[in-house]
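Enquirer: Here's a structure for you.
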């Protein structure tokens, strides 16, 4: 399996100024949430880490 964190595309800073955390990184949020619902948080670390990396790349402090 490829590393999801390596496949994250980050939007330019000008698009991020008014972005809310709930709307950021939908490409990592949906798979993370689905995995947690189906398999439990302890089995989805790789997706959780990818979502955290995406959020941090957008400037959110996590």
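In the numbering used here, the protein residues as written are 735 to 796. Glycine included, C-beta positions come from ideal geometry on N, C-alpha and C. Keep in mind it's a predicted model, so treat the numbers as computed, not measured.
Taking the straight line between their C-alpha atoms, what separation do you get for residue 757 and residue 787?
Expert: 15 Å
Enquirer: Measure from the alpha carbon of residue 765 to the alpha carbon of each residue in 779, 796, 792 and 793, then state which is nearest.
Expert: 779
Enquirer: Let me check understanding here. Comparing Cα to Cα, which of 784, 796 and 755 lies closest to residue 762?
Expert: 784
Enquirer: With a CB to CB cut of under 8 Å and the five nearest residues on each side skipped, what residues in its chain are close to residue 759?
Expert: Same-chain partners within the cutoff: 742, 785, 788, 789 and 792.
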